[in-house]
Each structure stands twice: as structure tokens, then as C-alpha cells.
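Enquirer:
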Amino acid sequence: MTAETPGFWPPSGPEVVFLLLGVVVLGSALLVVTTRQLVHAALWLVVCFGALAGSYLVLTAEFVAWVQVLIYVGAVVVLLLFGIMLTRAPIGRSADLDSGNRWAAVLVALATAGVLVSVVVAGFGTAYAPLDPGQGAAKPLGSSIFKTWVLPFEALSVLLLAALIGAIVLSRTDIRGRE
Amino acid sequence: MHIVYPVVVSALLFSIGVYGVLARRNAILVLMSVELMLNAVNLNLVAFDVWLRDRLHGGQVLTLFVIVIAAAEIGLGLAIVLAVYRNRRSIDVDRLRDLAEGGSPEVSQQSEASPDRAAVGEDADREARS
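Line order of the protein sequences matches chains Z and C.
The numbering of the first sequence is the numbering used here, which starts it at 463 and goes up by one.
The numbering of the second sequence is the numbering used here, which starts it at 8 and goes up by one.
1. Is the Cβ of residue 595 of chain Z closer than 8 Å to any Cβ of chain C?
2. Can a CB atom of chain C be found closer than 8 Å to the CB of residue 477 of chain Z?
3. Checking contacts by CB at 8 Å: is residue 42 of chain C closer than that to chain Z?
4. Please report the Cβ distance between residue 549 of chain Z and residue 88 of chain C, rounded to the nearest whole angstrom; I am assuming they are in contact, meaning their Cβ atoms lie under 8 Å.
5. With a threshold of 6 Å on Cβ separation, who are the neighbours of residue 587 of chain Z within its own chain once the five nearest residues in sequence on each side are excluded?
6. For the stretch 539-558 of chain Z, enumerate the residues whose C-beta is nearer than 8 Å to any C-beta of chain C, in chain order.
7. Quick one: grab the DSSP three-state call for residue 46 of chain C.
8. If you run the structure through DSSP and keep just helix, strand and coil, what is residue 31 of chain C?
9. Comparing the C-beta of residue 46 of chain C with each C-beta of chain Z, is any distance below 8 Å?
10. Nearest chain Z C-beta to residue 12 of chain C closer than 8 Å, yes or no?
11. At which residues does the alpha helix (DSSP H) containing residue 624 of chain Z begin and terminate?
12. Would you identify the three-state DSSP class for residue 502 of chain Z, choosing helix, strand or coil?
13. Mapping the DSSP letters down to three states, classify residue 61 of chain C as helix, strand or coil.
14. Does residue 27 of chain C have its Cβ less than 8 Å from a Cβ in chain Z?
15. Whose C-alpha, out of Z:485, Z:532 and Z:479, is nearest the C-alpha of residue 522 of chain Z?
16. Along the stretch 515-538 of chain Z, where does the CB come closer than 8 Å to a CB of chain C? Name the residues.
17. Roughly how many angstroms lie between the CA atoms of residue 414 of chain Z and residue 595 of chain Z, to the nearest whole one?
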């Protein structure tokens, strides 16, 4: 298998598409954490999640890509926009979105990026996976969830129910603790 | 597909999320940055699932589970943020220092002076009405 591993240059078609999507993901993520307008951060988050769904498609994980579009772009961002609306955030530019320890945060983030990138390049620099489509379609993924991973799936549904009830209890004001 | 491409993209996305969590003051922006970090983990899981050719699809199934947990987390997180906003009229994480030990005098004054806070709340109510 190592003998037939192609080199890094020239990149194949899927790799070019993936790298372009990666640039979109990283650029929009940077805009999410640096923009001065709260609503724009949520909208750039949509771009970031959409490009991530595209990269899942390139990696042949179709089902995960559609779940990403449905749950992240559809539900999570709408929830965040509701949160922005309910906390009466200013619509225009606001000057105080960044904390005072911004430069320490830049330092920590650069250190994290340096450590992680050097470790993964040293560890997986030569790893190569040929892509064959259909690996992550709904049928094989569904059969593996409901054959092998049934117990975590059911546990997760109970967790989701608990989180739902917890959110309702937290956000209602007429539920008091026992005196 | 060289596995190093998705893995490097996800490492960079994770560190962008770290920066957002540390540098932002608005609690909702902090939650968005947490989502970025969770998505970096998901990209890693999918890439390694494709590389290892898992017959049970452990990586992709775990990605779905992480997405569900992220949905639960964002629901609870927003409920907590809204509860804090209802009580304090602010979701600025730099100013919520009730748990800090021996905070600066200006901060402890702010959290103890209840008439001051009530006045701020009235202001916000008036703004909402107008």
C-alpha cells in the first residue's frame, strides 16, 4: 500500500476541492472570532458550517454532511440568533466584544496551533486514504448504528431528553425550588 | 486524499476556537467558539474513519453522537445565558465575577450594590418599553 501512495504534488482533484473548502472554513471561522458585529458572527458561522459539510462530502461521509446541514446550520445557528435577540444585543458595531486578555489569547491559540500541527504532521504526514464513494451513505451507517451502536444511541436519546427538560426548567421563571 | 490535509485544517480550526473562547467577552460568542472546537473534533473523527476504513463506522457514528451532544449543550448553554441575563442584565463574562476570590474593589462594589443594579435593570426595562 505504501508503494502506491501518490506524492503531495500534483494534488488530486478531491484534494484541491478539500483545500479550497478548508480555506473557506478557516477564513470564516477567523471572521467569527474577530468580527465586531454580533449578528455577523452568527452568519459567518453558517458559512463555516456549510463549508465543513462540503468537506465531509469530499471525504465521502455523505450522511454526516446532511446531518451537519440539518442540525448545525438549521438548528444551532437559529438557536444562537434567538439567544442574540433575547439578550437585546446591539445590532450595529459594538466596541467591547473583545476581552482585555486578547493578546494572551492570541499567544495561547498560536501555541496550541503550533503544537497540534507539528504533532499531526509528524505523526500522519505520510498517511494516505484512497476515497471510494458510498462508504458513509445512509444505509451502511444506519445499519451499523442499529446493529452495533444501539446502546449508546438509546443512552444519547435519554441525555437529549434530560437536556430538553433542563433547558425548560432553567428558562421558566415560575418554577421555584423546594422551600 | 492525504490524511494530513483534513487533520491540519481541524487543528487550525480548533486553535481558532481556543482563541475565541479566551478572547471574547459576550457569552454567546463564547458558545459559538465552543461550537467551532466541536466541529474541529468532528472533522478529525471523519478523517480518521475514512483512513482506518472502519467496518463498524465507529468514527462517523461518534461524529453523529458528538453533533447530538453539541445540540444538547447549546440548548442548555443558551438557557443558562438567558437566566444570567434575566438576573444581571448583562452577559459580559468579564464582569460576572461573583465566584472570583477577592476581586478588585470596583467589581465587588458592583456586585454588592443592589440599588445600583436595580437602577440598571429599570433602565433596561425603560429601553425595552420605548
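Glycine residues also receive a C-beta, built at the ideal position from the N, C-alpha and C atoms.
Expert: Checking against the coordinates, here is how it stands:
1. Position 133 of the first sequence, counted from the start, is the residue given in the question as residue 595 of chain Z. It does not; no Cβ of chain C falls within 8 Å.
2. Here residue 477 of chain Z refers to the residue found at position 15 when the first sequence is read from its first residue. It does; some Cβ of chain C falls within 8 Å.
3. For the purposes of this step, residue 42 of chain C is taken as residue 35 along the second sequence, with counting starting at 1. It does; some Cβ of chain Z falls within 8 Å.
4. The residue given as residue 549 of chain Z occupies position 87 in the first sequence. The residue given as residue 88 of chain C occupies position 81 in the second sequence. Correct: roughly 7 Å between the Cβ atoms.
5. As a first step, residue 587 of chain Z is located in the first sequence; it is residue number 125 there, counting from the start. Excluding positions up to five away in sequence, the list is empty.
6. 541, 542, 544, 545, 546, 548, 549, 550, 551 and 558
7. In the second sequence, residue 46 of chain C corresponds to position 39, counting from 1. Looking at residue 46 of chain C - three-state DSSP - the assignment turns out to be helix.
8. Walking along the second sequence from the start, residue 31 of chain C turns up at place 24. Here residue 31 of chain C sits in strand by DSSP.
9. Numbered from 1 along the second sequence, position 39 holds the residue referred to as residue 46 of chain C. Yes, contact with chain Z.
10. Against the second sequence, residue 12 of chain C aligns to sequence position 5. At least one chain Z Cβ lies under 8 Å of residue 12 of chain C.
11. Here residue 624 of chain Z is taken as the residue at index 162 of the first sequence, counted from 1. 612-633 is the span of the alpha helix (DSSP H), which, as asked, contains residue 624 of chain Z.
12. The sequence position of residue 502 of chain Z within the first sequence is 40, counting from 1. It is helical.
13. By one-based count along the second sequence, residue 61 of chain C stands at place 54. The three-state secondary structure of residue 61 of chain C, taken from DSSP, is coil.
14. Along the second sequence, read from residue 1 onward, the residue named residue 27 of chain C stands at position 20. Cβ-Cβ to chain Z under 8 Å: yes for residue 27 of chain C.
15. Position 60 of the first sequence, counted from the first residue, corresponds to residue 522 of chain Z. Closest option to residue 522 of chain Z, Cα to Cα, is Z:479.
16. 517, 518, 520, 521, 522, 523, 525, 526, 529, 530, 533, 534, 537 and 538
17. With chain Z running from 463 to 641 in the structure shown, residue 414 of chain Z is simply not present.
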